[in-house]
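Residue numbers (the UniProt record's numbering), protein chains in the order written: chain Z, 1 to 287; chain Y, 1 to 308; chain C, 1 to 516.
The structure appears below as C-alpha cells.
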Amino acid sequence: MNRKATWFDYVNVLILMLVVVICLYPFIYMIAVSMSGGGPISQGKVWLYPVDFNLDMYRYVFEDGRILTGYKNTLIYVALGTACSLLVTVLGAYPLSKKQMVFQKPIMLMIVLTMFINGGMIPTFLVVRGLGLLDSIWAMVLPGLISTWNLIIMRTFFLGIPKELEESAKVDGLSDIGILFKIVLPISQAVIASVGLFYAVGIWNGFMSPLLYLRSEELYPLQLFLRNIVLSSEMTGSGAPVSGNIVVVEPAMKYAAIIISTLPILCVYPFLQKYFVKGVTLGSVKG
Amino acid sequence: MRHEILNKKSWIARVRQDRYLLLLVLPCVLYYLIFKYGPMLGIVIAFKDYNLHRGIWDSPWVGFKWFNHFMNSRDFWPVLKNTFVLGFMKLLFGFPAPIILALLINEVRHAFFRRFVQTVSYLPHFISNVIVAGIMTMFLSPRNGIINELISFLGFDRINFLVEESWFRSIYVSSEIWQHLGWSTIIYLAALSTIDIQQYEAARLDGANRWQTTWNITMPGIAPTALIILILDIGKVLEIGFEKVYLLATPAVYSKADIISTYVYRVGLSEGKYSYATAIDLFTGMISIIFIISANWASRRINGNSLW
Amino acid sequence: MRNKSVISKVLLVFAMVLAITACSTQKSNTSSSETSNSGTSSTSSTKSENNPKVTLDMMVFQHPSWPYKEDWAIYKYYEEKLGIKFKVTAPPSDYDTALNLAFAGDTPDIMIVSNLAQANTYGSSGALLNFFDHLDKLPNYSKFLEDHPKVKSAILSADGKNYYLPHYGLEQTSRRSWTYRDDIFKKNNLKAPTTWDEMYKAAKELKKLYPDSYPIAIYDNLTGLTNIAAGFGTWYGPYVDYEKDEWRYGPTEDSFKEMLRYLNLFYKEGLIPPDFMAMKRDQFNDLLAQDKAFIANDYIGVIDEVPVIIQRTDDFSLDYMTPPIGGNNGKPYNAYDGLLNRGMAVAADTKNLDTVLKYVDFLYSPEGIELATYGREGETYYQKDGARRFNDEYVNFATLRKSTGIATYGSHLVVDMKAYSYMSSDKFNKAMEKIQNGNEAPLQPRLAYTDAENETLTMKNAEINKYRDEQIAKFILGQRDLSTWDQYVSEIQKLGLDEVMKINEDAYRRAQSFLK
C-alpha cells in the first residue's frame, strides 16, 4: 500500500482537517469556558483556552454527591443494557436475514411498522408499570431492549454474508445456531461493535426512560442530574447566582455539565476502532 | 422452482425445519409484542377525550374529532408542507454526507489520522440540542458572530440569519448535518470493513485507478447498507424533532419553521392534551408508512434489496 | 452437543432476566402494601408530637439551584412538630411529564401543580380534592382567603371550586422591571428617561458615545414586550381595563401600534441588539458586562445578580429605572404577574386526608408561616440586635434554600419575605419599594375556564398567537410596514378573536359572581 501521495490525498486531508476543526472547536470552546472565570467569559475573552483558570463549576457539580452515584448507575445500565440488547438483537437479526425462513416476512413487517405507529408515552408507561418494572434496574433495560433501526442494520449486514460460507458450514454439520456463533459472528465484528456503541451511547444519553420509570434517587443515572443544569435557563433570576462561596456562571456551569456527562462515553469509540479494520477477518475465513 | 416446493410444504414442516431460527427470533418477537404492540392498544385515545385520571377505557369516545380539528386547522397545510420540505432537505443533504465522509476517511493512508478524524467527527453528536442551538445563535449573531465577521471581512453586508425566513431551513439542515455527520459515518465505516481486501489487490493488479476501485468495489460494498438506510430515512421524513426547531426559530420565521411537532407543542401538550397529540402522531405515522412501503417497493423493483 | 450448550446458555440468560424481573415485581408490590398500611394507621392520628408518625407521599418541583435533599432541616421540623414524615419525589426535570404519569399511575397525597389550569383540569375529572368541601378543617386557610380576596379570585375553578392552594410571598421577587446603568448615565451627565421619546434621545446619545453599543437590551424572542406594553398602557394579550370595566385585546390597540413604531425605530437605528429575538440571557449579560447596553428590561433581581455574575468590581452599577411612559395612554408601569404559577394540590383519594389537611392548614397558620420562613432558632437562625439573622454560612437566599429547604416547593405555602430582605442590597430593597408603590400595572385576573371553553381557547389561541407573534416580529424588524396595521387587525379578528374575548369576559364575570 505504498502508493505515492497524489493531489487527491492532499485535498482529502485538507477537507478532513476542516471537518476536524468544525467538529472539535465547539468542544474546545466549551472546555475553555467551563474552566474560566465569569469576568473573562462575559467580556468575550474566552475563545480557545481558559482565562482566569478555575475548576469551580466542576467543584460545584461534584459537591452534589449524587453525581457519583449517577456515574455508577449509568455504568451499570450501560453495561447490562448493552449486553442484553446486543444479544437479543443479534439473535433476532440473524433469522430475519434468512429470507426463506417461515414467518420471516410478517415478522419483519410487524417490526418495521412499530417505527411509525406506537402507543405513545403513557400507554407504554402503563405496560411497564403493569409488568412491575417501575423503579427497578430492569426498567432501564427491557423497555428499550431493541432499537428497530439497529436490528434492521444488523440484519442488512448478515444478509451481505456470502451464502457459500454458510452452506459449506452446513455441509460440515453445523446447525443454524452453530453457524451464527461459529461463522457469522466472528466475521461481523465491525457491525457488532457499531451497534453495541449505538446501544451504549443511547443508554448513556437517555434521560426519558429513567425519568419515566425510576422514582428512587439512588437509582438515577447521571443524565437525570445534569440535564436540568443544561436545560435550565433560569439559574439566574432564581434567587442569587452565588452558592456558598461559588459564583455560578451559567455558561461555564452548563458546559462543565456537558463535559462531565460526555467525557467517559467519548473514550469508548477509539477503543472500538480496531474492529473496523478492513477486510482482514473475512479474507482469513475464506482463505 | 425451489420457492414453489417450499410453498407446498406444510407450515408445520417448515416450522419444524426452521425451529432453531424461530427459537432465536423468539425473544425479539416477544419484545415487540409486549413493549410495542401492548402499548399500541393505547392508540384508541386518538379517538377518545383522554383524561389521565379516568384512564384509557373510561374516557369518552369522540370519534374522529381530533383528526377533524387538525385537518380543519388553519395551520394544517402550512405545517404539513414545512415539515415535509424540511424533512426532504434533511434527507437530500443529510443522507449522502456521511457516505462521502466515510469514503474520504477510507482513502486516508495514515492510520492515526484516520482514527483521529473518526473520533473527532463524532463529538458533536454528544452535545445536546440546547447547546447546539446556543452555539448556532452565537456563531450566527449579526453583532459579533464569527460567520458574520467573516462575511463583513469579505466586504458583504451582515446577515441577520435567525430572523430571515429564507435562511431558516439551511441553518437547521446544516446544524443537523454537523451534529450527526460523524455519528452516521460509523455504520458506513463498518460496512467498508466487510469488503474483502483481496478484491482491492486484484483490482490493483488489473491496473485499476483509485476512482475505478472506489466505483467498482467500495461503492457496491456499502450499497446495501446505504440503501436500507435510505429506505428508513424516507420513512422518517416527517419525523422532525421538536426541540431544535423550537430553539432555533424566532417568531419572524414561523412561516417556515412551524412544523408538526412544534404545532403539537403550541397547542399545549404540556397541559396533557394526549388525545390530540396521539391523533396527530397517528396521522403522520400513516403517511410515513405509505412513504416507507413505496420506498421499499421501489428498492425491491430496482435491485432486489428490501426490508421485507 | 455444542449447539445445545449455546441454546442452554441463551435460555439461562433469559430465565435469569425473568427471575430477576419477577423479584423486582414482588418488591414493588410489598412496598406499595406497606404504604397503604401506614395509611390506615394515620386516620387515628390527631395532633401532638408523640403520636405514631404518618408518612405522606409528596411530589415536588425542584430547581437545579436548590435540588431536593432528604436531610433538609425544614422537613425534620415538620416531623417533630406535626408527626408527619414525607416521602418526597422530586423529578429532576420535565416535571409536567412526571406529574401526568403520576396521575396515570399512583397519585401522591400531595403534589405541586404547575398552574391553576392544570389543577382545574385534573380537579374537574375528580383526581384532586376540592378544598372548599373541607373548610371546616382548614380554619387558617379560610382566614388567609378572607384576608386576601385578590388571591381568592385567582385560585378558583370554572365552577367555583378550589383544587389549588396558592403560594404567597415568593412572587415578590419575580417582578419584571426596567434597570439602567446609573454610573454610565452619571458619568455622561444623562438623566434616566421618563418617556419613550426621552429614551430615544438618551439611546441616540449613548450610541454616539459608545458606537458599538446597543443601548437598550431586550432579549428572548418577544417576552420583553409583556413589560414594555404595560408602559404604553396596553397589554401583550387579552386584559381587563378596570376603569372602564371591559375586556380588551392589547395587540390590536393603537397604543400597541405606537409601541411597535418605537421598537421598529430603535431596531432600525441599532438602539436594540439586532438579534434580540435569538438572544438568551447569557448574551444579555455579556452586553451589560461589555458596556454595550445601558438600559435593560428584565427581572428586578438583576440589580444584585448581574454585577456578581459578570464579576465587575469597578463602578459598575445597575439601578432601578421608573418605567418610561409610552404614547398618550402610557403610564409608568411594569407588568406584574401576581401569584406564582405553581400551587399545591391534594389527591382526592388520599388515604391520609386528615393528616394532609392538618399539614396544609398549618402552612397557612401564623405558627406555620413562622416555621416555614425561619426554621428554628439556634439551628437555622439567631437573634442579633433584636432582629433575626440566618446562620452566617447561608450567605444569601439561594444558599439558605439549598441548605435548609426553607422556601422550597412542598415545604411552604406562605413565607414572610421581610425575613430575607436584609440579604439583598439596599439598592434592591429600595427598588422593590418603588416598584410596589405606583410603578405597577393593576394585577390581571387569573381565569378558570370550563372544559369546552378550554378546547376552543387552545385551538383559537394556537392560531391567533402564532399569527400575532409572527406579525409583531415583522413589524419590529421592518419586514412588514406599519401602514398595513389595519389589515393585520382585521386578519386577527378573522381568526376568531371575538370568540376568544367573549370566553375571557364570561370567565371573568363568572369568577366575580363566585366571590360575592
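Just so you know, even glycine gets a beta-carbon here, dropped at the ideal spot from N, CA and C.
In this text, all values refer to a predicted model and were calculated from it rather than measured experimentally.
Residue pairing for C/Ser177: DSSP places it in a beta bridge opposite C/Asp298. Sequence-distant Cβ neighbours of C/Tyr242 in its own chain, meaning closer than 8 Å and more than five residues away, are Pro442. By the beta-carbon neighbour count (other beta carbons within 10 angstroms, threshold 16), Z/Lys4 is exposed. Judged by DSSP in its simplified three-state form, Y/His125 adopts helix.
When DSSP states are grouped into helix, strand and coil, C/Tyr382 belongs to the strand group. Secondary structure note for Y/Arg14: it is in no beta strand (DSSP E), and the uninterrupted alpha helix (DSSP H) holding it is Trp11 to Gln17. Counting other Cβ atoms within 10 Å of its Cβ, C/Thr97 reaches 16 or more and is therefore classed as buried. When C-alpha distances from C/Thr173 are compared across C/Ala407, C/Glu499, C/Lys502 and C/Lys516, the shortest belongs to C/Ala407.
Taking all protein chains shown into account, Z/Gly196 has 16 or more neighbouring C-beta atoms within 10 Å of its C-beta and is therefore buried. A residue is called buried when at least 16 other Cβ atoms come within 10 angstroms of its Cβ; C/His63 meets this threshold and is buried. For Z/Ser97, no CB of chain C lies under 7 Å from its own CB, so it is not counted at the interface with that chain.
The beta carbons of Z/Ala93 and Z/Phe158 sit about 6 Å from each other, so the pair counts as a contact at 8 Å. Between Z/Val127 and chain C, the shortest Cβ-Cβ separation is not below 7 Å. Secondary structure of C/Tyr239 (DSSP, three-state): strand. Between the alpha carbons of C/Phe86 and C/Ser411 lies a distance of about 10 Å. Going by C-alpha positions, Y/Ile195 is about 19 Å away from Y/Gln118. Under the three-state reduction of DSSP, C/Trp66 is assigned to strand.
Taking C-beta atoms as the reference points, C/Ile218 and C/Phe276 count as a pair closer than 7 Å. Taking C-beta atoms under 8 Å as the contact rule, Y/Leu123 and Z/Leu266 qualify, at a distance of about 7 Å. Across the structure, C/Leu271 and C/Leu477 are spaced so that their CA atoms are roughly 12 Å apart. Residue pairing by DSSP puts C/His412 in a beta bridge opposite C/Tyr409. Within chain C, the residues placing a beta-carbon under 8 Å from that of Y/Ala252 are Met277, Glu470, Ala473, Lys474, Leu477 and Gln479, ordered along the chain. With respect to chain Y, the C-beta atom of C/Glu377 has no partner C-beta closer than 7 Å. For C/Thr89, a Cβ of chain Z is located within less than 7 Å of the residue's own Cβ. C/Lys494 has no beta-bridge partner at all, per DSSP. Of the residues C/Tyr409, C/Lys460 and C/Phe514, the one whose Cα lies closest to the Cα of C/Lys502 is C/Lys460. C/Asp319 carries a strand assignment under DSSP once its states are collapsed to helix, strand and coil.
A buried status is given to Z/Asp176, since no fewer than 16 other beta-carbon atoms sit within 10 Å of its beta-carbon. Bounds of the beta strand (DSSP E) holding C/Asp57 are Val54 to Met59. Per DSSP, C/Arg376 is not a residue of any alpha helix (DSSP H), being assigned neither H nor E. In the DSSP assignment, C/Tyr95 falls within the unbroken alpha helix (DSSP H) covering Tyr95 to Ala104. The beta carbons of C/Val54 and C/Ala90 sit about 20 Å from each other, so the pair does not count as a contact at 8 Å.
When Cβ-Cβ separations below 7 Å define contact, Y/Ile187 makes contact with chain Z. In terms of Cβ geometry, C/Tyr336 and C/Pro323 do not form a close pair [threshold 7 Å]. Straight across, the Cα-Cα distance linking Y/Ser170 with Y/Val85 is about 11 Å. Sixteen is the threshold: when 16 or more other Cβ atoms of the shown chains lie within 10 Å of the Cβ of C/Met279, as they do, the residue is buried.
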